[in-house]
Amino acid sequence: MTSGAHDLFMHPQSCLIEELAEETQAQASSSAQEDRHSLDPSDGAAEVTAAESPSVPDASDAAAAAATSSAAPDGSGNAAAADAAAEGAYAPGVAGAQPAAEGSVPSSSGSEEQQLDLQTQQLIAECEQLKQEGNTMYAQEDYDGALQLYWQAIDQAPEDAQERAVYLCNAAACYLKKREWQLACEQCTAALKINGSYLKALVRRATALQELDDLEHALADAQKVVELDPGNAWAVKTVAQLTPEVQARQEKMKDEMLGKLKDLGNSLLGKFGLSLDNFKAEQDPSTGGYSIKFNQS
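Numbered by my numbering, the letters in the sequence shown go through residues -1 to 295 in order.
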C-alpha cells in the first residue's frame, strides 16, 4: 500500500479537510485576480472611455479658454476658473478623476466667443491704425489719400462698430473739402445710423445740406445739435440764420400750393358758372376758426 493510500485509509477526515482547504484557497486566488483586472486603470476599455468621452476636455484647453474669458473685456483671464475646469473633468474608470458638478457640461461655445472677441479687437486695432494714417494725410491736405485709408477702415470694420461711424464721418470731412456735397451727406447719414447722437456727423451733414439748398433738413440737424449740445456756437448761429429762411420758404410754398388749388377749383366750378371768388373764408376772432360764406354776385 502506498504512503498516500495508507494516509487516506488511516486518516480519511484529515485528508478531506486538506483538499477542501486547497480548493477554497484556489477559488479565492482566482476571484482576487478577476477583481484586480476589472479595476486596473490601464485596461483597454478604460483607456477608450477616457479618450473618447466628450466631457473630458484637455486641461490646457480649459485653462486657455478661461484665460480669454469674455467677462474680462480688458483681456485678463480667470485662473481659478481654469483650474476648476481642469479639476472638474471626469472619466469613468480613470483613477483620481473627480465627477463634474451637476449641470456643468463642458462646451466649446464659450471659447469660440472669446476667439471672435479677440479677432474683433485685433481688427479694430488695424482699422484704428488706418484711421491715424488717414488723419495724417488729411492734415497734409491729401484728401484723396486720406479717403483711401478711411475707406479701407470702413470696409474692414464690423458693421455695427462705433469706430466705423468715426471712419465714415472722417470720409465725409474729405468729401466736404472736395466739395462733393452729396457724398458727404451720404457718409454722415451712414454714420448716424450707427450713432444717432454723433455731433460731428450732424454738423457735417447740415453743412452739406446747406450747400445742396436743403435748408429745412439742414435746420433740423442744427436743431438736433443744439438739443444735444446747447453751448455749440456753430449750431446756435446756424439755427438763428436758417429759421427765418426756412419759414419764408414754407410761406412761399404754401402760397404757391393755394394758388394751384384755386386754379383747380375754378376750373371745376366754372362748369356751373361759379368760381372760388364766390366763397369767402372769415375767421372768428373769439375762436380762431374759419367759416365759409357764399356770395353770389
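Ideal placement from N, C-alpha and C gives every residue a C-beta, glycine not left out. Predicted model, so just to flag it, every value in this text is computed and none were measured.
For Ala204, the closest C-alpha among the options Gly229, Gln239, Ile192 is that of Gln239. Per the coordinates, the alpha-carbon of Arg202 lies some 7 Å from the alpha-carbon of Cys186.
If you look at Leu197, you'll find it in the alpha helix (DSSP H) that goes 197 to 209. Residues Ala204, Ala233, Thr236, Val237, Leu240 of the same chain have their beta carbon placed closer than 7 Å to that of Ala220, with the five preceding and five following residues left out of the count. Nearest to Gly132 by alpha-carbon distance, out of Leu210, Ala171, Asp282, is Ala171. In terms of Cβ geometry, Ala182 and Leu190 do not form a close pair [threshold 8 Å].
The alpha-carbon separation between Gln245 and Gln130 amounts to approximately 42 Å. Rounded to the nearest angstrom, the gap between the Cα atoms of Leu145 and Glu161 is 16 Å.
Ranked by Cα distance from Asn193, the options Ala231, His215, Cys167, Leu210 are led by Cys167. In the three-state DSSP reduction, Ser284 falls in the coil class, being neither helix nor strand. In this structure, DSSP gives Ala279 an extended state, which the three-state scheme calls strand.
The DSSP-derived three-state label of Lys176 is coil. In its own chain, leaving out the 5 sequence neighbours on each side, no residue places its CB closer than 6 Å to the CB of Met251. Annotation: Lys291 to Gln281 spans about 11 Å, alpha carbon to alpha carbon. In this chain, Gly194 is not harboured by any alpha helix (DSSP H), its DSSP state being neither H nor E. Counting the other Cβ atoms within 10 Å of the Cβ of Tyr136 gives 16 or more, which makes it buried. As the crow flies, the alpha-carbon of Cys125 is around 7 Å from that of Ala155.
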